[in-house]
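Novice: Have a look at this one.
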Amino acid sequence: MTYDYLIVGAGLFGATFAQQAREAGRRVLVIDKRPVIGGNIRTEKVEGIDVHLHGPHIFHTKSPRVWEFVNRFATFNHFVNRPKVCYRGQLFSFPINLFTLYQMWGTKTPAEAEARLQRERVPCETPRNLEDWILSQVGREIYETFIQGYTTKQWKMDPKELPSSIIRRLPIRLTFDDNYFADPYQGIPVDGYTALTERLLEGIEVRTGVDYLADRAELDKLAPRIVYTGRIDEFFDLRFGELPYRTLSFRQDVYEQSDHQGNAIINYTEADIPHTRRVEHKHFAMMGETKCTVVTTETPGTWHKNATPYYPINTAENDQRYKQYREVVDHERFLIGGRLGEYRYYDMDQTIASALAAWKREVEKPAIAAKPSRPRV
Ligand code: UDP
């Protein structure tokens, strides 16, 4: 066999794993069915501005190890995500913080806001779903203004049917801190995410436009170990049924002005507006005056077989189906990872951490480790 590893998917998980394997002296081939690398973190220049082609990607992490790792391959700027919400034509500070509550209720101090929240909260001893949980934190008015419409269109499900883990990603603060993330490390790669992926894949053979599932018998001959980062249900020909995803569509507009909306992200939280957010990419790159600006309007779409999968829908039923798939993986031959392979709503840092951990397990595995096994006595 020509390679030690065949890695299917040149996204963040595949590229990180490939980098680790190559650094350890393994022979690696990376393939991707798309004509380009980078998976869904890919950025491309439009009018000199890095455009996040598959939705906004802000790198943030609590992990010094992941931050250190990723900084080996990119220089990050100091972008901090402070999105705004537009609801019925009015703008609000977001994520929910003291200023949001001031805009809603006129409360000015943490004590005033807390007293108001105590009246608003809908107590629930064991919140079992997204709606119950958020109502127990902030009450109905905040829920209806910021969460209900956005969540319903994003997931096309009743928030009562969704796990609260989706919303627990967002902080709720009784300070004026409007940083979307509670992580100590945050930024955007100054050369974009495609350059970051290229750096991870430096010195590694990459073939794009190669569809593993269409030619797996031949491709499997290339390496004893295969790292697969695509959809796990497709890997098994949907044997236990389909794992659904949310998909998105993106409309890109170029405006002949320096600044269109004054912020990287504005969320549209009312149910009647089909899009969830508008993203002005130049703000991620912290660019000053520009000739024009690029704005993407993001609209959730209906899932179908050939749609691009963006978000796993981690209901109990789907997670149970995922487990069925996981149980039949031939772990000796295949390693299945990443957002699609693990059916997890991973952020980029979690994807990297997962790939680094997978590599660590790989070298610790007796059969793969270079160490000869000890004879039994
Ligand atoms: N969300 C919301 N209103 C908003 C922003 C987010 O209700 O203005 C909810 C929604 O359910 C969403 C979840 O919070 O799916 C997570 O949002 P996040 O911005 O973390 O999602 P991502 O950037 O990954 O799409």
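For the numbering used here, count along the sequence shown from 1 and bump the result up by 56. Glycine included, C-beta positions come from ideal geometry on N, C-alpha and C.
#1: How many whole angstroms separate the CB atoms of Val-246 and Thr-131, which I take to be in contact at a CB cut-off of 8 Å?
#2: Less than 9 Å separating the beta-carbons of Arg-389 and Ile-282?
#3: State the CB to CB distance for the pair Phe-115 and Gly-243, rounded to an integer number of angstroms; the pair is presumed to be in contact (CB under 8 Å).
#4: When you compare the CB of His-331 with every CB in chain D, is at least one pair closer than 9 Å?
#5: Is Val-141 a contact residue of the ligand UDP, with contact defined as CB to any heavy atom under 8 Å?
#6: Helix, strand or coil, according to DSSP, for Ser-149 in the structure here?
#7: DSSP three-state label for Asp-375, please.
#8: Tell me which same chain residues have a C-beta within less than 8 Å of the C-beta of Val-107, skipping the five on either side of it?
#9: In the DSSP assignment, what are the bridge partners of Ile-455?
#10: From Glu-398, Thr-156 and Trp-161, pick the residue whose C-alpha is nearest to that of Asn-370; which is it?
#11: Using the C-alpha atoms, what's the distance from Ala-80 back to Arg-432?
#12: Determine the closest residue to Lys-361 out of Asn-185, Met-160, Glu-298 and Gly-265, with distance taken between C-alpha atoms.
#13: Under 9 Å, do Ile-392 and Arg-382 count as touching if we go by C-beta distance?
#14: Under the criterion of a Cβ to heavy atom distance below 8 Å, does Ile-244 qualify as lining the ligand UDP?
#15: According to DSSP, Thr-303 sits in a beta bridge with which residue or residues?
#16: Assign Leu-85 to one of three DSSP states: helix, strand, or coil.
#17: Would you mind stating whether Gly-104 and Ala-411 have Cβ atoms separated by less than 9 Å?
#18: Between Pro-112 and the ligand UDP, is there a pair consisting of the residue's CB and a ligand heavy atom that are separated by less than 8 Å?
#19: Pick from Met-404, Leu-186, Glu-345 and His-339: whose alpha carbon is nearest that of His-134?
#20: Work out the CA separation of Leu-294 and Asp-60 for me, nearest whole Å.
#21: Hey, out of Leu-256, Gln-193 and Tyr-249, whose CA is closest to Pro-227's CA?
#22: Answer yes or no: do Thr-285 and Val-92 have a C-beta to C-beta separation smaller than 9 Å?
#23: Tell me whether Phe-135, by its Cβ, gets closer than 8 Å to a heavy atom of the ligand UDP.
#24: Thr-231 by DSSP, collapsed to three states: which one?
#25: Quick check on the DSSP output: what are the complete beta strand (DSSP E) runs of length 3 or more inside the segment 173–247, in order along the chain?
#26: Could you tell me if Arg-224 is buried or exposed, where buried requires 16 or more neighbouring beta carbons within 10 angstroms of its beta carbon?
#27: Can you name, in chain order, every residue of its own chain whose Cβ lies under 6 Å from the Cβ of Ile-97, other than the five neighbours on each side?
#28: According to DSSP, is Asn-323 part of a helix, a strand, or is it coil?
#29: Taking the alpha carbon of His-110 as the reference point, which residue from Pro-422, Thr-303 and Tyr-378 has its own alpha carbon closest?
#30: For Val-350, name the three-state secondary structure that DSSP assigns.
#31: Could you tell me whether any non-hydrogen atom of the ligand UDP is closer than 8 Å to the CB of Asn-323?
#32: The ligand UDP and Trp-189: does the residue's C-beta get closer than 8 Å to at least one heavy atom of that ligand?
#33: Exposed or buried, which one is Ala-74 when buried takes at least 16 other CB atoms within 10 Å?
#34: Run through DSSP, which three-state label would Ile-63 get?
Specialist: Considering the structure as presented:
#1: 5 Å
#2: yes
#3: 6 Å
#4: This model lacks chain D altogether, as it is built from one protein chain only.
#5: yes
#6: strand
#7: helix
#8: Thr-99, Glu-100, Lys-101, Gln-308, His-337, Val-350 and Thr-352
#9: Since the displayed the chain opens at 57 and closes at 433, residue 455 lies outside it and no answer follows.
#10: Glu-398
#11: The predicted position of Arg-432 is uncertain, since its pLDDT is 47 and thus under 50; no value can be drawn from it.
#12: Glu-298
#13: yes
#14: no
#15: Gly-357
#16: strand
#17: no
#18: yes
#19: His-339
#20: 28 Å
#21: Gln-193
#22: no
#23: no
#24: coil
#25: 241–243
#26: exposed
#27: Leu-68, His-113 and Tyr-249
#28: strand
#29: Thr-303
#30: strand
#31: yes
#32: no
#33: buried
#34: strand
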